[in-house]
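Peer 1:
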Amino acid sequence: MRALQFTTYGGPEVLSWAEAPDPHAGPGQIRIAVRAASVNPIDWKRFAGFMAGDQPMVGTGYLGYDAAGVVDEVGDGVDGVSVGDEVLGQGSNTQAEYAVLNSWAAKPASVDWAVAAAAGVAGETAERGLRLLEVTAGDTLFVDGGAGGVGAVVVQTAVALGARVIASASESNHDYLREIGATPVLYGEGVVDRVQAAAGGPVQAVFDVAGKTPVEDLVSLAPAPSKVLTIANFTAGEAGVRVTGGGADSKPMAALADVAELLAQNKLVIKVETYPFDRAAEAYRISQGGHVRGKLVLVP
Ligand SMILES: NC(=O)c1ccc[n+]([C@@H]2O[C@H](COP(=O)([O-])OP(=O)(O)OC[C@H]3O[C@@H](n4cnc5c(N)ncnc54)[C@H](OP(=O)(O)O)[C@@H]3O)[C@@H](O)[C@H]2O)c1
């Protein structure tokens, strides 16, 4: 099969769409023939070497943490899914012709492959953060960075829960934020005042998607530091803020089932821009620019 890969750290020019060993489903896993796989910022952080801890590159690196496709292998101990089923989910090395998933949900028939692929990491992260923040109907939530891959899913999932959402983005994304149910504010200096003005009362929780606003500003908006959660500022824990990177915080099967249901009900709409796998470098250049609206998705 072919897979997106790199053998040296660098910019998107290090990527190639080339031959790779076939993966196989181990116990508790499934393998899919990939119809689409999304781009997440962690992918370029990896091929840029940012996750390597100053160690030199060894061997070949593969990319991708989510995908949608057709099941063609079912591992030992897996129930409820069969060869030929259409699924979306999370795994590793998903930017390839075949990929192994560790968690999945049935793809609603009405949902496009690219949208289904985009829902994996973003959907699980949104579910996790909103659950940890205990966001419920009637809460006012501030989402810092509401127009990107994760942010747009957080906004819509919170709206579906019955929360009132204020979200930050650049000016050019304010109409998009209104479209998905949030009150937009501009990020950057003065954001605290703008959120308070938009809220017109207390904010119950803050979901920091972008990791760019000083943590003390986010804490000043919330009733307690524990009602601020970040997925992108890994030093924020010092201020008592909840930092989550997945792992034990995750309930991926339940989260993906919820996200598939929201997609099926049209309560979640993910704006996607697609690129063929052999033009992945173009998609990664856009992702590295840091101003994605919705999700970038790679397709065969
Ligand atoms: N910890 C976890 O479990 C986890 C999971 C998934 C992702 N992440 C991380 O979360 C971050 C976001 O991921 P993503 O997929 O949503 O990225 P993305 O799709 O590239 O979106 C980035 C968004 O950030 C916004 N933004 C840029 N500068 C900002 C600022 N100063 N303040 C507020 N927002 C700003 C942009 O809005 P404009 O376009 O309007 O400028 C854009 O919508 C990445 O660092 C990623 O690695 C962590």
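Residue numbers (numbering that gives the first Met the number 0): 0 to 299. Note that CB positions come from ideal geometry on N, CA and C, so glycine has one too.
1. With a cut-off of 8 Å, do at least 3 Cβ pairs link the region 107–117 to the region 39–52?
2. Compare the C-alpha of S102 against each of A2, P213, G27 and name the closest.
3. Would you kindly check if the distance between the Cβ of T139 and the Cβ of R163 is under 8 Å?
4. Taking all protein chains shown into account, do 16 or more other C-beta atoms lie within 10 angstroms of the C-beta of H173, making it buried, or fewer, making it exposed?
5. Would you call E126 buried or exposed, if buried means 16 or more other Cβ atoms sit within 10 Å of its Cβ?
6. Skipping 5 residues on each side, what residues in its chain have a beta carbon closer than 7 Å to that of S249?
7. Compute the beta-carbon to beta-carbon distance between L280 and P11, rounded to the nearest angstrom, for a pair I have assumed lies under 8 Å.
8. Sorry if obvious, but does the Cβ on I179 come closer than 7 Å to a heavy atom of ligand 1?
9. Taking 8 Å as the cut-off, decide whether the C-beta atoms of V149 and A121 are in contact.
10. Can the beta-carbon of W16 be found less than 8 Å from the beta-carbon of D277?
11. Just to confirm, are A95 and G63 a CB contact at a threshold of 8 Å?
12. By Cβ distance below 7 Å, which residues in the same chain neighbour F233 in space, the five residues on each side in sequence not counted?
13. Using only the alpha-carbon positions, how far apart do V191 and P224 sit?
14. Tell me where the beta strand (DSSP E) around Q4 begins and ends.
15. Check the DSSP bridge columns for E85 and list the partner residues they point to.
16. Name the residue from A166, A47, V268 whose alpha carbon lies nearest to the alpha carbon of T212.
17. Which residue from Y61, M252, M56, V158 puts its Cα closest to that of Q89?
18. By the 10 Å Cβ neighbour count, where 16 or more other Cβ atoms means buried, how is T229 classified, buried or exposed?
19. Verify whether the separation of the beta carbon atoms of G147 and S37 is less than 8 Å.
20. Just the C-alpha distance for E215 and A238, rounded to the nearest angstrom, thanks.
Peer 2: With the structure as the only source:
1. No, the region 107–117 is not in contact with the region 39–52.
2. Measuring from the Cα of S102, the nearest candidate turns out to be G27.
3. With respect to the 8 Å criterion, R163 and T139 are classified as neighbours on the basis of their beta carbons.
4. Result: buried.
5. Classification for E126: buried.
6. The answer, listed in chain order, is E123, R127.
7. Per the sequence shown, the amino acid found at residue 280 is Ala instead of Leu. At roughly 4 Å, the Cβ-Cβ gap stays under 8 Å, so A280 and P11 are in contact.
8. With a cutoff of 7 Å, I179 does not count as near ligand 1, since its C-beta is closer than that to no heavy atom of the ligand.
9. Against a cut-off of 8 Å, the Cβ pair of A121 and V149 comes out as a contact.
10. A contact, by the Cβ cut-off of 8 Å.
11. Taking C-beta atoms as the reference points, A95 and G63 count as a pair closer than 8 Å.
12. V242.
13. Distance between the alpha carbons of V191 and P224 is about 15 Å.
14. Start and end: 1–5.
15. Note: E85 sits in a beta bridge opposite V69.
16. Out of A166, A47, V268, A166 has the C-alpha closest to the C-alpha of T212.
17. Of the candidates Y61, M252, M56, V158, M252 places its Cα closest to the Cα of Q89.
18. When all chains shown are included, T229 counts as buried.
19. Their beta carbons are not under 8 Å apart, which means G147 does not touch S37 by this criterion.
20. Distance between the alpha carbons of E215 and A238: 7 Å.
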